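Encoded as structure tokens, the structure appears first; notes follow it.
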Amino acid sequence: MSTAAQTDTAHAAGTNYLNATKGLKSWIFTLDHKRIGIMYLISILLFFLVGGLLALGVRAHLFSPEGATGMSNDTYNQAFTLHGAIMTFLFIVPSIPASIGNFFLPLMLGAKDVAFPKLNLASYHLYFLGALFFIATIVFTGLDTGWTFYAPFSTDRAMNGVILATSGAFILGFSSILTGVNFIVTIHKLRAPGLTWRRLPLFVWSLYATSIIYVLATPVVGITLLLLIIERAFGVGIFDPALGGDPVLFQHFFWFYSHPVVYVMILPAFGVISELVTIHSRKHIFGYNAIAVSSIAIAFIGFLVWGHHMFVSGQSGLSAAVFSFLTFLVAVPTAIKVFSWVATMYKGSIVYNTPMLYTFSFLFLFSIGGLTGLFLGALATDVHLHDTYFVVAHFHYVMMGSVFIGFLGAIHHWWPKMTGRMYNETLGRIACGLVFVGFNVTFFTQFVLGTQGMPRRYATYHEVGDIEPQLLEMFTLLHQISTIGSFIMAAGLFLILFYLLASVFKGDKAPDNPWGGLSLEWATASPPIEHNFEGQPVVRRGPYEFPEIDPMIK
Amino acid sequence: MINTLLANANGATFWLPVQASTFAEVHDPLFYFIYWVCVVSFVVVVGVMAYFGVKYKRKQEGERTSGNRGNFALEVGWIAVPSVFLLIIFWWGFQGFVMYQTPPANTLNVRVTADTWSWSFRYPDGTVSSELIVPVDQPVRLTMTSESGSAQGAVIHSLFIPAFRLKRDVLPDRYTVLWFEATREGTYTLFCTEYCGTGHSEMNVPVHVVPSDEFAERLAALDSAPDGMTTAEWGQQLFAQQGCTACHSVDGSRLIGPTMQGLYGSTREFTDGSTRVADENYLRESILEPSALINVGYQNVMPSYAGRLTDGRLDAIIAYIESLAD
Amino acid sequence: MSTAHAHGGHHHPFHAHHFETLPQQEASARMGMWLFLGQELLFFSAVFVAFFVFQYMYPEGFLEAHRTLSIPLGTLNTLVLLTSSLTMALAVRNAQLGDNKGVVKQLGFTIALATVFMIVKYFEYSGKIEKGQLPGQWYTYEGLPEGASIFFTMYFVMTGLHGLHIVIGIGVLAWILIRATKNQFSAEYYAPVENVGLYWHLVDLIWIFLFPFLYLIE
Amino acid sequence: MSADSNHNQGHGEHHVMPLSTYFAVFGALLVLTGITVLVSFLKLGLLVAVVIASIKAALVVGYFMHLKYDDRFYSVILLSSLFAIFCFFLFVFLDFTSRGMVVPEEETNFLRNERAMIERLEQEEAAAAAAAEEEEEEEAEEDTGG
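Here you go:
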């Protein structure tokens, strides 16, 4: 009964959570957090595929000013809307917490399951139901509001998919809330003996911060979307100025959720990077307390900055100034984390495997994503850059370049534990390189597009109203580079899909602890047994006190 | 490649387009200040990361690593130093924002109306234009609102002129104000940057910054065909500029509204059961009051252009539609 | 499953296998409920924000419109709901003492009072619908300043959401009432009663704020 | 399991409050309801109503919901929610009430009354036109004078 790897003796009967019971029903109605995590992972990646294909369509269309694919403006508008809505609501909000988090939170805590297994299953079912609404939107009607559903466009003019899609997002919100409640209670109540708060892996801290936001921010978007549905269905006039309502109020409501939710996306990725950078450089994390506390700080300050999405919407100058100031405040804890990760590598023993390559990519891309936020947080420059491709590039650097890269890093890091198989390391490195290069080619060009004035959500950019010829030339060239980059990235992602699937069937058997990790998930078999641990594990030291660490070297 | 871009760019740089307003002169230094802060920070962070990555690459399994767990002074330092820069950037940005929001006295007042999907600009003398014409070195105040001439409600638009570094949302049933002082003659582009539906990407028009002494002339000239252009040719240009092409094709294909090819002289059927031959009067009425008679098979979505087209322009557009008759 | 992991202690039929002890499980359930209540508060906060924003925009319309609400009916409903809160609290107390009969009795009172609340609400709503004091485009009542229609929008949205919670509440109250008739609760296992109680008190809390804001403030 | 999960979390199962407490709280709630209704006729406004409602809420939360005797973390949850709600109110109202404070021009922004806006603009335009005419007249005078 200790964290020491006693469990690598093959489990007596050779059973694990994957083969303990059989049949589709044993998966759909399972209460095992690991299976629920796997189901989330598959669904999430499936929707990433759908959203990604839509993105490729969008990029292909923008290859020429008139639209290279010949789709109509309406089709294009639906494509980018569904890309955004699917990626936000179905992919990135649940991404790391619901899949990796669900799988590893109880393992890291040394618990048998999350606190409320039935609730956990219910939140997966709600997720699936919400996803069905989005699919119904695609199949039966259309949705052309952009993922932000801004009123009064969404209440008045947009296609009929609005009610379906917002109902879907409403249901997904409840899925998030239930996950958040479940995680917080699990972390409070189900920690193994000896696992004190200051011995929690930082990934757990980040899930804790994420859950706070899930619980406190999601209900507001729930009610906002509910009001939008009521407004659209019955014309009650809450957001529609024609009936005396206020569209800016919608924006306040929407961003009260949708800004904190950005931290829901990024915080788990921060947690993942904290794990990866320590294990793969065999170092104790630099500034454990600072990183843990800054996660919680970000969760709370995140509630104070939503107005920076509305600098040009006509909110008052005073509140714009306050929001701008608070926005810079949130940059501080974020910077602390980045510096701490870099400092962690100091005098380490850094191995260049696939998870570590993703860590390097993350630090590179997140630095760009975070720093370009300064342009958008400053009032005067935001006036120029708001709603241009600069914003598109910025949030893709943060959400895709950071969250998704963190997600990929997490998948590669924990893949042996989840599946009991090793993937092909060479292909892993090649794919990481392709994604990294493709990503930068795609999105760095978009910074320039944005500063030059290319507005976002444009189906075409040919000269209807006489765009200045030099601008048009520049836009065309940059869009073409960006489109090429997106296809390079897609190639890398398909390669990952290929070798991960291949590893499930043909991969080498994974050892219980391939990276020499100390947190509890490495103290059980790969893949874990049905109830996680043989007996109750007991924790005697922190998760980053690696045997290689020599306290004499400063 | 970048050099070609720069050479073509007419005063523009790699990062920013032409600088053509007083606000751009305030904006650009701040932009470059943040830019260099970012470049330096990025180089430091990623440089140190790369250095550690190379220097401390694992040479053998189980090699000893540092027991360092943190350094209070260092942590305080990297909170304090960025904070100073963040404060500077905040304050600088705020200063610029106040300027952006505070028009001086003696502005030229232009009223802007955005509809789906066209702009109209009304000058103090009552002239209405679909393109923005402003004198150089003269503060101009835009008082903007969004309207809907059609049965569907008005939506939010946003007026954006990259050369002036200016942007502000345009809301229905509200008035927002934007001001600028153009400093450089030329023709720039005005974009709509708040997503507004089908024609969003075609809702852009030129901004002409003209010498002050030519301004009155240019306004007057709005009402007749430019030199070297027939009325129908001018009509064609206006047809595109007014955003008509978003809904009406000229090649027979079906868009949101009926095609203009062969329209003139044809007999139209309406949803109220009546029919009428499309003559000049019909065209005029259906532009000014589109919801009066709806063609069978189409929706009542066209905005009214009453008050947004001068008579001369209306005639030109009608002349163009006539020229598309079979 | 749970029998395979017996730890030597007592084994309650509702004790889930992944909790070490029943009290730990009870405390977890309660913490989960409190978190759920936290999100409920945020859920309602948005309509309150909207209400005050519109009140700020249309002070006169809101003042005149709110005078058309019936203070006696509102007060009656407040009293009904406060009393139901008391009976709910007593039901939880009975559960703590392991008195399932007492639980059934107090829950019966609570459900009855909740039904009274909804009946009063029905009369209020039908009066409004008759007069055309309705939200947005349905508003046909005359003689009130601009913004009155938004007041009625907010009135129906806020009381409607609250009413929806009451109806859901009646459902879960009935569910634990049935469980209590089967003697499923005891001094060591009564978390369902307690959590439903917490939910019910929250519904009461929301009304404590709705009532003065909608009916009373001049 | 975890050190702090079993024993030292003031679990309410052994804390059964006497019936008198419930009735006392209920009585207080009734009295406060009466006061808030009466006070509304005095038109004392929002603040008094909010204070009374908050006291009532505190009584319900503290006694009926046992928060007073329960795990302190539940209070933390409640306070976190209230913090988020407070931020929500604060910043939305900051926007709606401060238009025109930093930038006087903002008074026109979001002006809801179209007629007032048009009148204001027309006045300005008329004034500008008058000024222009005066200038022209002056110029004309100068011309004749010359």
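Residue numbers (this note's numbering), protein chains in the order written: chain G, 157 to 710; chain F, 11 to 336; chain Z, 2 to 219; chain D, 89 to 234. Note that the Cβ used here is the ideal one computed from N, Cα and C, for glycine as well. Please read all numbers here as calculations on a predicted model, not as lab measurements.
Just so you know, the alpha carbons of Tyr190 of chain Z and Phe185 of chain G end up roughly 26 Å apart.
Listed along the chain, the chain D residues whose CB falls inside 8 Å of the CB of Leu460 of chain G are Cys175, Phe179. When CB distances to chain Z are screened at a threshold of 7 Å, the residues of the segment 125–136 of chain D falling below it are Val125, Ser128, Lys131, Gly133, Leu134, in chain order. When the five nearest sequence neighbours on each side are left out, the beta carbons in the same chain lying within less than 8 Å of the beta carbon of Ala647 of chain G are those of Leu590, Gly594, in order along the chain.
Contact between the segment 402–413 of chain G and the segment 299–313 of chain G is established, with three or more Cβ pairs separated by less than 8 Å.
Taking all protein chains in view, the Cβ of Trp46 of chain F is surrounded by fewer than 16 other Cβ atoms within 10 Å, so the residue is classified as exposed. The beta carbon of Arg68 of chain Z sits no closer than 8 Å to any beta carbon of chain D.
Leaving aside the five residues that flank Arg215 of chain G on each side, the residues in its chain whose CB is nearer than 6 Å to its CB run, in chain order, Thr639, Ser642. Judged by beta-carbon spacing, Thr510 of chain G lies within the 8 Å limit of Cys588 of chain G, meaning their Cβ atoms are closer than that value.
When DSSP states are grouped into helix, strand and coil, Thr241 of chain F belongs to the helix group.
The segment 108–183 of chain F is shown to contain no whole alpha helix (DSSP H) run of 4 or more residues. Shown here for Pro268 of chain F: same chain residues with a beta carbon closer than 7 Å to its own, the five before and five after excluded, namely His258, Asn305, Tyr308 in chain order. Chain-ordered listing is empty here: chain Z has no CB closer than 8 Å to the CB of Ala112 of chain D, the nearest sitting near 11 Å. Leaving aside the five residues that flank His210 of chain F on each side, the residues in its chain whose CB is nearer than 7 Å to its CB run, in chain order, Trp127, Cys202. For Pro73 of chain Z, the enclosing alpha helix (DSSP H) begins and ends at 72–97. The segment 551–560 of chain G makes contact with the segment 514–528 of chain G, as at least three CB pairs between them are under 8 Å. Cβ-Cβ separation between Thr483 of chain G and Val507 of chain G: approximately 37 Å, too far for a contact (criterion under 8 Å). The criterion of a C-beta distance shorter than 8 Å is not satisfied by Glu686 of chain G and Asp300 of chain G. With 16 or more other Cβ atoms inside 10 Å of its own Cβ, Trp411 of chain G counts as buried. With distances taken between CA atoms, Leu98 of chain Z lies nearest to Z:Phe186 out of Z:Phe186, Z:Trp201, Z:Phe20.
When only Cα atoms are considered, Phe210 of chain Z and His540 of chain G end up about 43 Å apart.
Nearest to Phe179 of chain D by C-alpha distance, out of G:Gly576, G:Leu474, G:Leu649, is G:Leu474. The three-state secondary structure of Trp497 of chain G, taken from DSSP, is helix. Residue contact with chain G for Arg187 of chain D: present (Cβ-Cβ distance below 8 Å to some residue of chain G). In the structure shown, the three-state DSSP call for Glu35 of chain F is helix. Under the 10 Å beta carbon count, Trp88 of chain F is surrounded by 16 or more other beta carbons and is classified as buried. Ala241 of chain G sits buried, since 16 or more C-beta atoms from the chains shown fall within 10 Å of its C-beta. By the beta-carbon neighbour count (other beta carbons within 10 angstroms, threshold 16), Ile169 of chain Z is exposed. Burial of Lys573 of chain G is indicated by the presence of at least 16 other C-beta atoms within 10 angstroms of its C-beta.
Residue environment: Ser228 of chain G is assigned as exposed (fewer than 16 neighbouring CB atoms within 10 Å of its CB, all protein chains considered). Met119 of chain Z is outside the set of residues whose beta carbon lies under 8 Å from a beta carbon in chain D. When 8 Å is used as the limit between beta carbons, Ser234 of chain F is near no residue of chain G, the shortest such separation being about 20 Å.
DSSP places Arg286 of chain F inside the beta strand (DSSP E), whose first and last residues are 285–287. Proximity of chain F to Leu432 of chain G at the Cβ level (cut-off 9 Å) is not reached, the minimal Cβ distance being about 13 Å.
Annotated as distal: Leu513 of chain G and Ala448 of chain G, with beta-carbon spacing of 8 Å or more. Scanning chain Z for C-beta atoms nearer than 7 Å to the C-beta of Ile165 of chain D yields Trp35, Leu36, Gly39, reported in chain order.
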